[in-house]
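Colleague: This structure is in structure tokens; I'll ask about it shortly.
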Amino acid sequence: MLIQNKIIQSVRDKCIADEFVSACMMYGSFTKGEGDQYSDVEFYIFIEDDKMEKFSSRHWVSEVYPIHLIFYNEFGTEVVIFSNMIRGEFHFLPVSKIEIIKSFKPTGLFPDPGSMYIYDSTEQLKPLLDDLGGVGPDRMTDENVNFAFNNFVNAWLMGVNVMRRGELARSLEALTLVQRYILQLIRVKENTVERWLNSTKNLEEDISTESYKDYVSITSKLKENEIELAYKNALNIVEALNEMLGSLYKVDVDKDLISKLYSYLNE
């Protein structure tokens, strides 16, 4: 039995026993049939409104399973490093905000909403989770494809400019954005857009060998010649994607703009 399953069961047991907790749901890999020994455990836990001031999330989580570290990340999520090096993410909210679950629908596909259910004393959670089911958002649209092309140009130009200034570390950071938008376009081309927001997840299995080689060609060490080659390769890949997808979707980026980017790179 995976230790994550023991932690999940411990969270469920604690929710049932704790009068402060009104409802709890899980999200992430274990709700999509993808959980393994390296996966995180992730929860939304809803607390009685009048008990929020007295509620200690740190104390609560530490009673679920021994922890080494607990802190808030830059997104306001409470992150836990358990003693066995498993990561956890916890969102503790007043139960009056339980309808935040409705906002999850546009973020992706939820193949098994029933697996997200942990505990509920309000009779509100199950209907909210059921509404997450069905077909996920349509990613293969003019808007999304145009978004990826446009943001590629922005990230690519910024990365090339800071590279020329000698800010190689910053250029390498911009390259990660270039990679993100290229992967989104590749996923559109290959119809693997379920992971649109987390485009590198399961990449080794989701995209073709040829596209994976393209992705490898736009990675780099912190060396100027490698970074420059990655930006050149990125432009080559986007040119091919533009030729293919530009005939299927309405996009702002055209051959003339790509030609200008080539000229700019060769100056």
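In the UniProt record's numbering, the protein residues as written are 1 to 267.
We put the beta carbon where it would ideally sit given N, CA and C, even for glycine.
Would you be able to state if there are at least three C-beta pairs under 8 Å between the stretch 50-63 and the stretch 109-122?
Modeller: no
Colleague: Tell me whether M85 is buried or exposed, calling it buried when 16 or more other Cβ atoms sit within 10 Å of its Cβ.
Modeller: exposed
Colleague: Would you grab the beta carbon distance between A23 and D120 for me? Rounded to a whole angstrom, and I think it's under 8 Å.
Modeller: 4 Å
Colleague: If we ignore side chains and look at the alpha-carbon of each, how far apart do L241 and I186 end up?
Modeller: Each residue's alpha carbon lies about 8 Å from the other.
Colleague: Going by Cα to Cα distance, which pick from V162, T176, N191 and W196 is closest to F147?
Modeller: W196
Colleague: Nearest-angstrom Cα distance between E243 and N198?
Modeller: Near 25 Å, if we compare the C-alpha coordinates of N198 and E243.
Colleague: I need the boundaries of the beta strand (DSSP E) containing F152, first residue and last residue.
Modeller: Per DSSP, F152 belongs to no beta strand (DSSP E); it is in the alpha helix (DSSP H), D142 to R165.
Colleague: Below 7 Å CB to CB, which residues in the same chain sit around I67 once its five sequence neighbours on both sides are set aside?
Modeller: V61, V80, I81, F82 and S83
Colleague: From what residue to what residue does the alpha helix (DSSP H) around Y264 run?
Modeller: K255 to N266
Colleague: If F20 and I47 are in contact, beta carbons under 8 Å, what's the gap, nearest whole angstrom?
Modeller: 5 Å
Colleague: With distances taken Cα to Cα, identify the nearest neighbour of Y212 among E224, Q179, E226 and N151.
Modeller: Selected option, being the one with the closest Cα: Q179.
Colleague: Over what stretch of residues does the beta strand (DSSP E) that includes V80 continue unbroken?
Modeller: E78 to F82
Colleague: Applying the 10 Å Cβ sphere with the 16-neighbour rule, what's the burial state of M1?
Modeller: exposed
Colleague: Please report the distance separating the alpha-carbon of G33 from that of E204.
Modeller: A direct Cα-Cα distance of roughly 18 Å separates G33 from E204.
Colleague: State the Cα-Cα distance for the pair Y249 and K189, rounded to the nearest angstrom.
Modeller: 11 Å
Colleague: Which residues in the same chain have their Cβ closer than 7 Å to the Cβ of G159, if we skip the five residues on either side of it in sequence?
Modeller: Excluding positions up to five away in sequence, the list reads S171, A174, L175, V178 and Y231.
Colleague: Rounded C-beta distance between I227 and S220? I'm assuming under 8 Å.
Modeller: The pair is a contact, with the Cβ atoms about 5 Å apart (cut-off 8 Å).
Colleague: Could you give the DSSP three-state label for R187: helix, strand or coil?
Modeller: helix
Colleague: Which residues bound the alpha helix (DSSP H) around E210?
Modeller: T209 to V216
Colleague: Compute the Euclidean distance between the alpha carbons of V153 and K105, then round it to the nearest angstrom.
Modeller: 29 Å
Colleague: Sort out for me which residues DSSP pairs Y44 with in a bridge.
Modeller: M25 and H91
Colleague: Which class does Y119 belong to by DSSP, given the choice of helix, strand or coil?
Modeller: Note: Y119 maps to strand in three-state DSSP.
Colleague: Could you name the residues of the same chain whose beta carbon sits closer than 8 Å to that of E224, not counting the 5 residues immediately before and after it, in chain order?
Modeller: Hits under 8 Å: M163 and L168.
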